[in-house]
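Residue numbers for the sequence shown follow my numbering, beginning at 8 and rising by one. Glycine included, every Cβ here is placed at the ideal spot set by N, Cα and C. Structure record follows, encoded as structure tokens.
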Amino acid sequence: MTANSTVVATGTYLAVIGMEVHAQLQTASKMFCSCSADYWEAAPNSHVCPVCLAMPGVLPVINEHAVEQTVRSGLALHCQIAPFSVFARKNYSYPDLPKGYQISQYELPLCHDGFLVIDGDDGQPRRIGIRRAHLEEDTGKTIHADGVSLVDLNRAGVPLMEIVTESDLRSADEAYRYLVKLRTILRYLGVNSGDMEKGAMRCEVNLSLRTADQAARGEYGVKVEVKNLNSFKAVRDSIAYEVARQTALLDSGGTVQQVTMGWDEDRRRTIMQRSKESSEDYRYFPEPDLPPLELSSQWIDGVRASLPELPDAKVERFTGEYAISRLDAEALTAERSVAEWFEDAVHAYSGPPREVANWVTGELFALLNAQESDITELDLRPEDL
């Protein structure tokens, strides 16, 4: 079996794929305490307090900025915003989870029933349903080295937004395009850095195969979850590999087991980690130390009014207002800082916008790639053109 991202399945089976994305929110403090959320490169266990260490008698306090950032994200993803939502305890035991449970949301999430439009494999727009986007707290980090395991709780309690799709993706390439577009939107909003190397954005895949007859009856195959996906390429490659693995298994008369697999980047394959838990295994129940989260329509409207122009709208405006190609418009709007630099340059330049677009997507992008730098680090100002 090879991890070929262009293969969805054999002619016998259809892939059904859902995604779960955990995005760390860019807040100054943690989700339920005042500890700094800027833990990267900090000394181990230096950003902790009695709340995130789960000392007896402490009480959590909701981070309002994290709520606002989640609502901003939900609105950008066309979600319904719940005026009444509830936090819940997700119970499980792990060394880097000091409370023995994680404060999350379950039955009443903050955002639900949204969608994100991507380009399908046939080149046509495809609407990917967003089942929910909810708030929770991150766990700590366990480091295994030299025969010992060390726990760093600096990350414990950092605000985390979980975005869950419907099972609407049909290939590894569609999953890749979904993640790229989601990351772009979250960066436009300023709610997430999109830096997967630092764990700011983490992905899990749920995948099953079904026959055309099963699809016609509305039936699904057995779902397998894939974790340890630290890059968009790993997501694409793991899906392609898992589709090939399940196809070979079913073709040989075997059955797919509901398990959690991990992606082994070195061996370029999935490996079994454990049997898949169900929601009942976590024994969710309402968080008794937090009141329900109630949002007024006026507050939600205020958040909606603060949204920036998002990438899709910017592409449409650039193609119409500046008479540039859609390909150039998509390249120029992939990063908000680039789009703003381009518009400033258009306003400063006396020639047609198309010439600016050609220069930015050609010479300037080549220069930035060669220097491995960002346009915000550029000495050249738009008004210097």
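### Query
Which full runs of the beta strand (DSSP E) of 3+ residues lie inside the region 283–310, going along the chain?
none
### Query
So which of R290, M168 and V322 has the shortest CA-CA distance to Y99?
R290
#### Entry: For V322, three-class secondary structure by DSSP
helix
### Task
Output yes or no for whether 7 Å exceeds the beta carbon distance between F292 and R96.
yes
### Message
Any heavy atom of the ligand NAD closer than 6 Å to the beta-carbon of Y46?
### Response
As for the ligand NAD, it is missing from this structure, which has no ligand bound.
### Message
If you reduce the DSSP assignment to three classes, tell me which class A341 lands in.
### Response
coil
### Task
May I ask you to list the residues that DSSP assigns as paired with W270?
T277
### Message
Can you give me the C-alpha to C-alpha distance between S282 and V310, rounded to a whole angstrom?
### Response
41 Å
### Task
Go ahead and pull the three-state DSSP assignment for H85.
coil
### Task
Mind reading off the beta-carbon distance from A30 to N199? Whole number of angstroms is fine, and I expect it under 8 Å.
4 Å
### Query
In three-state DSSP terms, what is A352?
helix
### Query
According to DSSP, is G206 helix, strand or coil?
coil
### Task
Tell me, please, whether the region 143–162 touches the region 188–199 by the rule of three or more beta-carbon pairs shorter than 8 Å.
no
### Query
Out of curiosity, what's the CA-to-CA distance linking V363 and T340?
14 Å
### Message
Measuring straight from C-alpha to C-alpha, what distance separates L392 and I382?
### Response
15 Å
### Message
Can you check which of these residues, H354, G327 and F372, is closest to E342 by C-alpha distance?
### Response
F372
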